[in-house]
Structure formats: C-alpha cells, structure tokens
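Below is one structure, written out as structure tokens; comments come after it.
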Amino acid sequence: IGMKTTHFWGPVANWGIAIAGLADYDRPPELVSGPMTFALAAYSAVFMRFAWMVKPRNMLLLYCHVVNEGVQLYHLTR
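So this is what it looks like as structure tokens:
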C-alpha cells in the first residue's frame, strides 16, 4: 500500500465528490439535485462496506465515504 497503488489514488479521487458536496452547503436547497444526492448517498453506503471488507482494509476510502455519506444525508434533509 502506497502512493503507487489504487488503494491510494482511488480514495484521493473520491475525495473530490465529498469536497463538491461540502461546497454545496451554501447553495440553496432547490439548486441541489435530490435524485443525484440520493444516488451519491447510496453509492457511499455501498462502498463504505466495500472499503471495510476488502483485504487489506482501505481506511482512506472508508473515511472518504463516511464523510460523503454525512454530507449527502445533510443535503437530503434540507
């Protein structure tokens, strides 16, 4: 596990989704797509389990999806 593997670059790329969700905090709720937010929440829920079950366990990917799940659930409740 290191910078030359997908165990590093996959989660780094996925952080872009969580960061984009964080950037939408100030956006009016009517401009945030409900179906896309639901899809991203479902995606993160599935891949949280994947990150936990894969050997070796990918904690960077797990943390990324935990943050994204929280962000998307917040957007769904607005």
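Quick note, the sequence shown lines up with residues 1 to 78 if you use UniProt numbering. All C-beta atoms in this analysis are idealised placements derived from N, C-alpha and C, irrespective of residue type, glycine included.
| Item | Value |
| --- | --- |
| Straight-line Cα distance separating residue 8 from residue 37 | 25 Å |
| Residue 49, enclosing alpha helix (DSSP H) - first and last residue | 34-53 |
| 7 Å CB neighbourhood of residue 15 in its chain, flanking five on each side removed | 64 |
| Contacting residues, own chain, Cβ-Cβ under 6 Å from residue 76 (five flanking each side not counted) | 37 |
| Residue range of the alpha helix (DSSP H) that includes residue 62 | 59-77 |
| Pairwise C-alpha distance: residue 10 and residue 34 | 25 Å |
| Supposed close pair residue 79, residue 54 - CB separation, criterion 8 Å | Shown here, the chain extends from 1 to 78; a query on residue 79 therefore has no answer. |
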